[in-house]
Amino acid sequence: MADAAIVFDRVTKTFPKTAKPSVNETSLTVESGSFVTILGASGCGKTTLLKMVNRIIEPTSGTISLFGKDIRQQPLTELRRSIGYVIQQIGLFPHMTIEQNIATVPQILGWERSRIEARVKELMELVHLPDSYRQRYSRQLSGGQQQRVGIARAMAGDPAVLLMDEPFGAIDAITRGKLQDDFKEIQRQLGKTVLFVTHDVDEALKLGDRMIVMNEGVIQQYDKPLHIMDKPSNSFVSELVQSDDLFQRLHLIRVSESMVPLETEAPEHYPRLSADSSLKDALQLILKRDVPYVVVEWADGQAAGQITLDQFKLGSGR
Ligand SMILES: Nc1ncnc2c1ncn2[C@@H]1O[C@H](COP(=O)(O)OP(=O)(O)OP(=O)(O)O)[C@@H](O)[C@H]1O
Ligand SMILES: [Mg+2]
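Those letters in the sequence shown? Residues 1 to 318, per full-length UniProt numbering, in order.
As structure tokens, then:
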């Protein structure tokens, strides 16, 4: 098993003068390198959960640790530098250029000028922003471009963990799709641990290799996206994720996130498909070729695992 990056142990947050806790007795382990999406309605406690990790909000009770260390046992500045944070509503510094925005953490860390310049250049390439934008201000960029700067800024100090609070919420669907794809690719390449809050079911299913469904301060289910659809733990979860267009949902999930180990060597004639195909592709192939499973293979042709028809039997876990 991978190391735990973030562990919540019975964490509760009750704000002063409120009747109910915003986050209630929550225990949660986020493995290192995983992309965890948090889905839930407005006011269910998503932002509160996120902000407790970098201590913008202090829990009322319980402990949170980062890579095995209680977050209260490390200096606050050090903790915050080790965590990239993209806030709800972008939040670029308006009086600073794009370059200065991205360089915020490296500046604080006292890096040499040449190193900062190289890092800014590298990050702008990573998030696909033209170099000519360096001297612009955020108001001179589109919403989607600003969001790319926000991501670059959060990654500047090379944090192992990224907290992202509805980073793509205010962006049109087409741009959002592109940002999602680009960011998922970046996360894969760099192996960052990501906690990503969203209102959007499709976004949560598409980006997460694990997904949390929250309601009224309580985690309802924490599972692989396919399991959340297949085996919702209660009626709240099933109502939230159910869709008239199941195929559309399956199209969002990559087979590499959902495959199971190969049980035996597959017969020659069993179809194979690449690890970056979607579950929709897998199900279509299974039905078309009338086989119980298909073999998933990596780009080099090595077998990676299998997707079986049984995995699609909705509600089978209930
Ligand atoms: N500083 C605060 N003081 C009092 N109550 C607060 C405070 N911050 C948040 N809350 C309450 O805690 C609950 C959870 O808020 P939170 O911001 O975590 O929700 P959220 O899931 O992020 O919602 P949204 O999707 O709208 O961003 C809400 O009922 C909110 O009113
Ligand atoms: Mg919020």
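The beta-carbon is built from N, C-alpha and C at its ideal position, and this holds for glycine as well.
Asked	Found
Let's test the definition: count the other Cβ atoms within 10 Å of the Cβ of A19 and tell me whether it reaches 16, buried, or not, exposed.	exposed
Between the C-alpha atoms of P16 and T60, what's the straight-line distance to the nearest angstrom?	10 Å
To the nearest angstrom, how far is the alpha carbon of R113 from that of I219?	45 Å
Can you list, in chain order, every residue whose CB sits closer than 5 Å to a heavy atom of ligand 1?	F15, S22, S42, G43, C44, G45, K46, T47, T48
To the nearest angstrom, how far is it from the Cα of T14 to the Cα of I6?	21 Å
Just to confirm, is the Cβ distance from A275 to S256 under 8 Å?	yes
Check for me: the beta strand (DSSP E) holding M164 runs from which residue to which?	161 to 165
By alpha-carbon positions, which one of L179, D131, P167, L190 ends up nearest to P159?	L190
Have a look at S316 and I228 and give me their C-alpha separation to the nearest angstrom.	Confidence at S316 is low in this model, with a pLDDT of 46, below 50, so its placement is unreliable and the value that follows should be read with caution. Distance between the alpha carbons of S316 and I228 is about 12 Å.
Go ahead and pull the three-state DSSP assignment for I87.	strand
Using three-state DSSP, classify N101 as helix, strand or coil.	helix
Name the DSSP beta bridge partners of R176, please?	Per DSSP, none; premise fails for R176.
Within the present structure, is the beta-carbon of D165 separated from the nearest heavy atom of ligand 2 by less than 7 Å?	yes
So, L28 versus T198, is the Cβ gap smaller than 8 Å?	no
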